[in-house]
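Undergrad: The numbering used here puts the first residue of the sequence shown at 3, with every later residue one more than the last.
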Amino acid sequence: MRHAPNRPTVPSLKPFVLAWDKERASMDDDPLHCALEDGNFADHFFEIDRPDMPASQALADLLLQMSKTQRRKVAAMQYQWIAEARDVE
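Now the structure itself:
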């Protein structure tokens, strides 16, 4: 089954994951931690309202548009994307 035409692709979330990683480094809490790092992919883990955390909010909004399988792939890829970005910095 092909993804819906307006659904984001896994690779397209890389810049959003990197922005989220930078943002959460400077925050006391991380609303997406339970989802992306603990493997909770149900919709309610992505239903956040955090205008004070624009990168987290943007990533959560995009993840809500994705299937659970895509969310699992993003969660698996986040470590590689973050490590690669840190190696470049």
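Note that beta-carbon positions come from the ideal geometry of N, C-alpha and C, so glycine has one too.
As the structure is a computational prediction, the values presented were derived from the model and not from experiment.
At the 9 Å Cβ level, is residue 42 part of the contact set with chain D, yes or no?
TA: Checking the listed chains, one finds no chain D in this structure; it contains a single protein chain.
Undergrad: Look at the Cβ atom of residue 33, then the Cβ atom of residue 68, and state whether they are nearer than 9 Å.
TA: no
Undergrad: Tell me where the alpha helix (DSSP H) around residue 17 begins and ends.
TA: 16–27
Undergrad: For residue 74, which residues of its own chain have a beta-carbon under 7 Å away from its beta-carbon, when the five flanking residues on both sides are left out?
TA: 43
Undergrad: Between which two residues does the alpha helix (DSSP H) holding residue 71 run?
TA: Where residue 71 is concerned, the enclosing alpha helix (DSSP H) starts and stops at 70–90.
Undergrad: Given a cut-off of 9 Å, decide if residue 60 and residue 27 are closer than it, judged by their beta-carbon atoms.
TA: no
Undergrad: Please classify residue 57: is it buried, with 16 or more other beta-carbons within 10 angstroms of its beta-carbon, or exposed?
TA: buried
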